[in-house]
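Engineer: Handing you a structure now.
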Amino acid sequence: MNANGPRGPSPSPSPDAPPASACAPVRTCVGCRGTGERSVLLRAVLDRTDADDARLVVDVARSLPGRGAWVHPDLRCVDLAERRRAWSRALRGPSVIDAGAVRAHVLGEEADERSQRPVTTGTTHGAGRTARTVDKEAGQKPMGTR
Ligand SMILES: [Zn+2]
Numbered sequence: 012m013n014a015n016g017p018r019g020p021s022p023s024p025s026p027d028a029p030p031a032s033a034c035a036p037v038r039t040c041v042g043c044r045g046t047g048e049r050s051v052l053l054r055a056v057l058d059r060t061d062a063d064d065a066r067l068v069v070d071v072a073r074s075l076p077g078r079g080a081w082v083h084p085d086l087r088c089v090d091l092a093e094r095r096r097a098w099s100r101a102l103r104g105p106s107v108i109d110a111g112a113v114r115a116h117v118l119g120e121e122a123d124e125r126s127q128r129p130v131t132t133g134t135t136h137g138a139g140r141t142a143r144t145v146d147k148e149a150g151q152k153p154m155g156t157r
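Going letter by letter, the sequence shown gives residues 12 to 157 in our numbering.
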């Protein structure tokens, strides 16, 4: 269920790190150039395993070594960064970088939000059933007392 899953056990955050609420570290989005908290933005790093095919990978745990680029989990920001070649500038990479993995990650998060809605409807169903049961009991009580 957690997005951290596929990457295996993530290293525990450094004990020196201040609590997020005290002084949240702020990063700049490579797409819209807006700022956001480190915990809100996605971190993308360049996968250099294949020198001829530069592609981005999402650093889900925000702990991979090397240069990272930060972007809002928003398709508009991912596209903007691609059009401005901001990925290359931020990561010192080639002029064309495949941001497909980041895009897929953002799309996946949006799909998750959508799939959670039917669950909420189910809860409403249960509440309706409970209300009916309470109604029945309320109707029986006066008869039982008399
Ligand atoms: Zn942005």
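Just so you know, even glycine gets a beta-carbon here, dropped at the ideal spot from N, CA and C.
1. Counting C-beta neighbours from all protein chains within 10 Å, is the total for GLU93 16 or more, i.e. buried, or is it exposed?
2. In this structure, what does DSSP give as the bridge partners for GLY47?
3. How many whole angstroms separate the CB atoms of ALA5 and VAL89, which I take to be in contact at a CB cut-off of 8 Å?
4. Identify whether LEU52 lies in helix, strand or coil by the three-state DSSP scheme.
5. Looking at ARG103: is its Cβ nearer than 8 Å to the Cβ of TRP81?
6. With DSSP as the reference, label VAL68 as helix, strand or coil.
7. Please report whether the beta-carbon of SER99 lies at a distance below 8 Å from any beta-carbon of chain C.
8. Sort LEU118, GLU121, TRP98 and VAL117 by Cα distance to LEU57 and report the nearest one.
9. Measure from the alpha carbon of ALA35 to the alpha carbon of each residue in ASP123, ASP64 and SER50, then state which is nearest.
10. What is the DSSP secondary structure of GLY77, counted as helix, strand or coil?
11. Of the residues ASP63, ARG114 and ALA72, which one's Cα is nearest the Cα of GLY42?
12. Using DSSP bridges, identify the partner residues of VAL89.
13. Could you check where the alpha helix (DSSP H) with ASP163 kicks off and where it finishes?
Structural biologist: Per the coordinate set shown:
1. buried
2. ARG38
3. The question about residue 5 has no answer, for the chain in this structure spans 12 to 157.
4. coil
5. no
6. strand
7. Any reference to chain C falls outside this structure, which holds one protein chain only.
8. TRP98
9. SER50
10. coil
11. ARG114
12. Partner(s): none; VAL89 has no beta bridge.
13. Here the chain has residues from 12 to 157 only, and residue 163 is not among them.
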